[in-house]
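Engineer: With numbering that gives the first Met the number 0 applied, the sequence shown corresponds to residues 0 to 87, in that order.
Note that CB positions come from ideal geometry on N, CA and C, so glycine has one too.
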Amino acid sequence: MLSLFDLKSVQAFSADSVHQEHCTACHARITGGDGRLLYRGTEGIVEDVIQLHARVDHCRRGAGLDWTEEHIAAMRDFLDERFYGFGE
Ligand code: HEC
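Structure follows, in structure tokens:
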């Protein structure tokens, strides 16, 4: 469930464009084309929203991004809505 504070930081943060800028290129190298193919739901390395959160945290560290929990949660929710559909 998103609080008003989370909604504001989601807007300021824009998970969609941050994702394009920092996440897709490396994933595209892994899949050899469309980086979105990496998001395979339960076929992949994340099986629920908790693991998705942990993976976002892991990858953003790898990408050298200094994020708060709100940023991580905003990216997790963006990816969940767009690709995974685990829900809350
Ligand atoms: C330097 C390379 C790199 C960057 C940059 C990167 N990732 Fe990843 N990401 C990986 C690798 C490697 C995996 C694991 C692929 C596998 O073995 O399935 C992965 C997997 C994932 C997965 C799980 C895919 C699945 O369903 O199995 C998510 C979610 C994810 N990354 C999110 C992100 C986000 C969000 C960002 C941007 C903040 C990001 N990644 C940036 C390398 C990267």
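Let me see if you follow: with CB-CB separation under 8 angstroms, is H26 close to chain C or not?
Structural biologist: The chain inventory of the structure shown lacks chain C, comprising one protein chain alone.
Engineer: Report, in whole angstroms, the separation of the C-beta atoms of A14 and A53, which I expect to be a contact under 8 angstroms.
Structural biologist: About 17 angstroms; that fails the 8 angstroms criterion.
Engineer: Output the distance between the C-alpha atoms of G40 and T30, rounded to the nearest integer angstrom.
Structural biologist: Computed Cα separation, rounded: 15 angstroms.
Engineer: Can you check which of these residues, D79, V55 and E68, is closest to H21 by C-alpha distance?
Structural biologist: Residue V55 is the option with its Cα nearest to H21.
Engineer: Using the Cβ count rule (16 or more neighbours within 10 Å means buried), how would you classify D79?
Structural biologist: With 16 or more Cβ atoms within 10 Å of its Cβ, D79 is classed as buried.
Engineer: Check whether the Cβ atoms of H26 and G32 lie closer than 8 angstroms to each other.
Structural biologist: No.
Engineer: Could you check the C-alpha separation between L37 and L64 for me, to the nearest Å?
Structural biologist: The alpha-carbon atoms of L37 and L64 are separated by roughly 20 angstroms.
Engineer: On the CB-based measure, 16 or more other CB atoms within 10 Å of its CB, does I71 come out buried or exposed?
Structural biologist: Buried is the call here.
Engineer: Would you call R88 buried or exposed, if buried means 16 or more other Cβ atoms sit within 10 Å of its Cβ?
Structural biologist: Absent from the structure is residue 88, since the part of the chain shown begins at 0 and ends at 87.
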